[in-house]
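Chains as they are written, first to last, in our numbering: chain A, 1 to 213; chain B, 1001 to 1468.
Take a look at the structure below.
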Amino acid sequence: MSQFLTILFGVGILYLALTSRMRTYIQVIALQGFILFLLIVRDFGHIDWFTFFFLAFETLAFKTIIVPAMLWRIVTRTHVAREADPHIPQFGSIVIGTIVFLSGFAVTDWVSRIDPSVDALAFGIAVSTLIISFFIILTRKKLITQVMGYMLMQNAVALLMIAMAVELPLLVNLGVLLDIFTLMFLFLLFLGKLHSTYEETSREKLTSLRDQP
Amino acid sequence: MMIPILLIFPLLAAVPLFTLRSRQAERATLTAHALLTVGAVIYWWLTGTDEFIGYFRADRGNLLFLALIAVVYCAVVPASYRYLEREKVSELWHRIYVVSMLLFVFSMTGAILASNLGLFWVFIEATTLASAPFIYFERHQSSLEATWKYVFICSVGIAIAFIGILFLALSAKGVCDLFYDDLIRNAPQLGRFWLLFSFPFIMVGLGTKAGVAPMHSWLPDAHSEAPSPVSAFLSGMLLNTALYGLYRVFQVLDAAGLRREAAIFFLICGFASLLISAVYLAGATNFKRLLAYSSIENMGIIFIGIALGGLGLFAAFLHLMAHSFAKTSLFITAGNIAHRFGTKEIAGVSGLREADRPTGALWGIGFAALAGLPPFPIFISEFLIAREMVTQGRFGLLAAFLILVTLVLYGMARAAFKMYLGTAPETAKREPPRLIEWLPQAILLLILCILGVAMPDAIRHIITAAGL
């Protein structure tokens, strides 16, 4: 079951390489949040009660509901329905996304030989998700899509933690959650300001501060 | 008991400011916080005691960084008052400035005091969040652009650092937690593969925040768009805070016998920073951006010193201290120049020595301090780094270092002399500067001069201990 969930997590990000619709991005981010919640529930009994409660709350309330809701708010406020003109055409994105996704399985094989304590499949999918989220950040022009890429990266980091069974102190987990929540709030605030200033929230508009060597 | 006081005060003080709505109360709070920070540092210094509470620690290893926060804060607070008065900011934005400053200093202090790498990460991310309102403070189109780039690039960078911290935690699984002391003590037992694997991620992530090339792109924008007292804080302390965490991880790798591998990353970033700053300083047209590129250069020199080790390590921390003092002074002075001439463009400023003698003198002396002219400590630190390269027989590195530093010096000197000499434009404001506008910078430069001529043993010990 957990292998199915992990692969579903990866298929979600692969699907994003094929699409340009903001609604789909948000749906995938919410789906990944819910999968992370189910993977946390799977670990019930292996982690202490406080940490379990916190992680369950973080994945279900924050990653599955609050973050997608905040992203949807940004989308409706900035009126961006799709990423119309990425730096790399759609076909190129599909090819690269597929190669990266399949490379994740190679990573799986490699990690299983290096460190048997790591959940190799989840590790491989997390790494390919990280790479694709970077790819989204670098190749998409709309600032909102870059924020989506950032949140996908955060989901990949959460999967990486599950794969490596690394536990951080509750204080640190709490701090991380607070930081990311505040960051989302800042993204919401400044994307709204950028939208009212530039009308179009695209990376190409942010060029007034460039230097010439 | 100083750690809880230092960490709780800004949080508790920030809340009533929203209900009191009094500029006097806001300024009194900021002054009290600055004095409290100085008091805490003096207490730790004089008593020589290590304070260890839960996840926080004040000891000889972080005293230099805490002292720098205190000194820079004390210079920035009066400069902030003058800035807020001059710009006639509204009551709301006055409050935003003061509360952001409290939270910004809180997050930097927390990062330095944190004895756990995970908690350090939380505070470093918090520095980005707390300082974002500053960069947007002047609410121009360009400040909005700079703020977005700063928040987004630094957040992505810090997220990469978090991935590295997870790999580090994996290497320490079953051995110890992420406390620096535990990691260093148990370094030989850590999983070598994951430890080495973690370092590039942490280097890229914290290097982004430390402003070293090639991850520096946010820095010139943020430093030039923020109010000048805040630019002083960003350059004089925020970069050091990120470096602090990176250096602690470097120490873990050193203790694990991976010093050579870690040093390679430091050298690459160090020389890339020198190269980038040399290239862009030559064509800089905005004097705040010029100072920002100089920060990249100086962080590069610090990275090179750390990578070399030996005498280079002492030189790196001496350089870090001297750069903080000189850059704080120069950024505050740059704010005064921008106000007097109504521009941040180098082309729009000339005749500083006749338009405003104290500011002109501070600009000239500050430039000399930053350029590494004797008797200022940057001369000593750069000389020691060069000497360490000779000792290690790394003559190729020495040649590259000297050429790049000279190119940077040329770029800086070209702009500094252009601004200092000549005739001031008619549009420049002619009123004499107030004491508050030049005294903090003058004190900083005087301290630097004294340290360069005769450094007291007590200061030398603090600098040495930072590298231990």
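We put the beta carbon where it would ideally sit given N, CA and C, even for glycine.
For Tyr1280(B), would you say it is in contact with chain A, using Cβ-to-Cβ distances shorter than 7 Å as the test?
On the second sequence, position 280 is the one that residue 1280(B) refers to. At least one chain A Cβ lies under 7 Å of Tyr1280(B).
Which residues of chain A have a Cβ atom closer than 9 Å to the Cβ of Pro1220(B), listed in chain order?
Taking the second sequence and counting its residues from 1, one reaches residue 1220(B) at position 220. Correct list: Leu209 and Asp211.
With H, G and I counted as helix, E and B as strand and the rest as coil, what does DSSP make of Lys142(A)?
On the first sequence, residue 142(A) is found 142 positions in, with the first residue counted as 1. Lys142(A): strand per DSSP, three-state reduction.
What are the residues in the region 145-179 of chain A lying within 9 Å of chain B by C-beta distance?
Listed by position, the residues of the region 145-179 of chain A near chain B (Cβ gap below 9 Å) are Gln146, Val147, Gly149, Tyr150, Met153, Gln154, Ala156, Val157, Leu160, Met161, Met164, Ala165, Val166, Glu167, Leu168, Pro169, Leu171, Val172, Asn173, Leu174, Gly175, Val176, Leu178 and Asp179.
Can you tell me whether Asn1116(B) is helix, strand or coil according to DSSP?
By 1-based counting over the second sequence, the position of residue 1116(B) is 116. The answer is strand: DSSP assigns Asn1116(B) an E or B state.
For Val172(A) versus Ser128(A), is the C-beta distance shorter than 7 Å?
Residue numbering aside, residue 172(A) sits at position 172 when the first sequence is read from its first letter. Residue numbering aside, residue 128(A) sits at position 128 when the first sequence is read from its first letter. For Val172(A) and Ser128(A), no; Cβs fall outside 7 Å.
Put Arg21(A) into one of helix, strand or coil per three-state DSSP.
Sequence index remark: in the first sequence, residue 21(A) carries index 21 (1-based). Residue state, collapsed to three classes: strand.
Hey, which unbroken runs of the alpha helix (DSSP H) at 4 residues or more fall wholly within the region 1318-1393 of chain B?
Runs found: 1352-1355, 1357-1371 and 1377-1391.
On the three-state DSSP scale, how would you describe Ile88(A)?
Start at 1 with the first residue of the first sequence, and residue 88(A) comes out as number 88. It is coil, neither helix nor strand.
Which bits of chain A does Ala1428(B) rub up against, with CB to CB less than 7 Å?
In the second sequence, the residue the question calls residue 1428(B) occupies position 428. Result: empty, since nearest Cβ-Cβ is about 25 Å, beyond 7 Å.
For chain A, find out if any of its Cβ atoms is closer than 7 Å to the Cβ of Trp1148(B); answer yes or no.
Here the question's residue 1148(B) lines up with position 148 in the second sequence. Cβ-Cβ to chain A under 7 Å: yes for Trp1148(B).
Which residues bound the alpha helix (DSSP H) around Ile1042(B)?
Locating residue 1042(B) in the second sequence gives position 42, counting from the first residue. Residues Arg1023 to Thr1047.
Note down the Cα distance separating Met1101(B) from Leu1036(B), rounded to an integer number of angstroms.
The residue given as residue 1101(B) occupies position 101 in the second sequence. The residue given as residue 1036(B) occupies position 36 in the second sequence. Their Cα atoms are separated by approximately 14 Å.
Roughly how many whole angstroms lie between the Cα atoms of Ala1292(B) and Tyr1150(B)?
Taking the second sequence and counting its residues from 1, the one referred to as residue 1292(B) is at position 292. Taking the second sequence and counting its residues from 1, the one referred to as residue 1150(B) is at position 150. Roughly 14 Å separates the two Cα atoms.
Assuming Ala1278(B) and Leu1407(B) make a contact with CB atoms under 8 Å, what is their CB distance in whole Å?
Translated into positions along the second sequence, residue 1278(B) becomes position 278. Translated into positions along the second sequence, residue 1407(B) becomes position 407. Correct: roughly 4 Å between the Cβ atoms.
What does Leu183(A) touch in chain B if you count any residue whose Cβ is under 7 Å from its own?
In the first sequence, the residue the question calls residue 183(A) occupies position 183. Those within 7 Å of Leu183(A) in chain B are Leu1129 and Ser1155.
Quick one: list the residues of chain A neighbouring Gln1141(B), beta-carbon separation under 9 Å, in chain order.
For the purposes of this step, residue 1141(B) is taken as the residue at position 141 of the second sequence. The contacting residues are Thr197, Tyr198 and Ser208.
Using a Cβ cut-off of 7 Å, which residues of the region 9-28 of chain A contact any Cβ in chain B, in chain order?
Listed in sequence order: no entries.
Determine which residues share a DSSP beta bridge with Ala1058(B) and list them.
Taking the first residue of the second sequence as 1, we reach residue 1058(B) at position 58. Answer is Glu1051(B).
Hey, would you say Glu1426(B) sits closer than 7 Å to Asn1336(B), going by beta carbons?
For the purposes of this step, residue 1426(B) is taken as the residue at position 426 of the second sequence. For the purposes of this step, residue 1336(B) is taken as the residue at position 336 of the second sequence. Not a contact, by the Cβ cut-off of 7 Å.
Say whether chain A places a C-beta atom closer than 7 Å to the C-beta of Val1175(B).
Counting from 1 along the second sequence, the entry for residue 1175(B) is found at position 175. Not one chain A Cβ lies under 7 Å of Val1175(B).
From Leu1166(B) to Asp1182(B), what distance separates their C-alpha atoms?
Numbered from its first residue, the second sequence carries residue 1166(B) at position 166. Numbered from its first residue, the second sequence carries residue 1182(B) at position 182. Going from the Cα of Leu1166(B) to the Cα of Asp1182(B) covers about 16 Å.
Residues of chain B with CB closer than 9 Å to the CB of Lys142(A), please, in chain order.
As a working mapping, residue 142(A) is identified with position 142 in the first sequence. None at all; the shortest Cβ gap to chain B is about 13 Å.
If you measure from the beta carbon of Glu1125(B) to each beta carbon in chain A, is any gap under 7 Å?
Taking the first residue of the second sequence as position 1, residue 1125(B) is located at position 125. Chain A, which has a Cβ nearer than 7 Å to the Cβ of Glu1125(B), makes this yes.
Just to confirm before moving on: does the CB-CB distance between Ala1334(B) and Phe1303(B) stay below 7 Å?
Counted from its first residue, the second sequence places residue 1334(B) at position 334. Counted from its first residue, the second sequence places residue 1303(B) at position 303. No, the Cβ-Cβ distance between Ala1334(B) and Phe1303(B) is not below 7 Å.
Whose CA, out of Arg1095(B), Glu1225(B) and Ser1080(B), lies closest to the CA of His1140(B)?
Walking along the second sequence from the start, residue 1140(B) turns up at place 140. When only C-alpha atoms are compared, the closest one is Glu1225(B).
Which one or two residues does DSSP pair with Ile47(A) in a beta bridge?
Taking the first sequence and counting its residues from 1, one reaches residue 47(A) at position 47. DSSP lists Phe44(A) as partners of Ile47(A).
Identify which residue in Val111(A), Phe62(A) and Thr145(A) has its Cα closest to the Cα of Ala17(A).
Locating residue 17(A) in the first sequence gives position 17, where the first residue counts as 1. Measuring from the Cα of Ala17(A), the nearest candidate turns out to be Thr145(A).
Which residue comes first and which comes last in the alpha helix (DSSP H) that contains Val1175(B)?
The residue given as residue 1175(B) occupies position 175 in the second sequence. That residue, Val1175(B), is in no alpha helix (DSSP H); it is neither H nor E in DSSP.
Going by the beta-carbon positions, is the gap between Ala1161(B) and Leu1190(B) smaller than 7 Å?
In the second sequence, counting from the first residue as 1, residue 1161(B) sits at position 161. In the second sequence, counting from the first residue as 1, residue 1190(B) sits at position 190. No, the pair does not count as a contact, with Cβ atoms beyond the cut-off.
What are the residues of the region 50-84 of chain A that lie near chain B, defined by any Cβ-Cβ distance shorter than 7 Å?
Hits within the stretch: zero.
Going by beta-carbon coordinates alone, are Ile40(A) and Ala56(A) separated by less than 7 Å?
Residue 40(A) sits at position 40 when you count from the first residue of the first sequence. Residue 56(A) sits at position 56 when you count from the first residue of the first sequence. Yes, the pair counts as a contact, with Cβ atoms nearer than the cut-off.
Check for me: the alpha helix (DSSP H) holding His195(A) runs from which residue to which?
Your numbering for residue 195(A) matches position 195 in the first sequence. Residues Leu170 to Tyr198.
Quick one: list the residues of chain B neighbouring Leu31(A), beta-carbon separation under 7 Å, in chain order.
One-based indexing of the first sequence puts residue 31(A) at position 31. Ordered by position in chain B, no residue passes the 7 Å Cβ test against Leu31(A), which lies about 21 Å from the chain.
For the alpha helix (DSSP H) that contains Glu1225(B), what are its first and last residues?
In the second sequence, counting from the first residue as 1, residue 1225(B) sits at position 225. Glu1225(B) -> alpha helix (DSSP H) spans Trp1218 to Glu1225.
DSSP has Asn155(A) in a bridge; who is on the other side?
On the first sequence, position 155 is the one that residue 155(A) refers to. Answer is none; Asn155(A) lacks a bridge partner.
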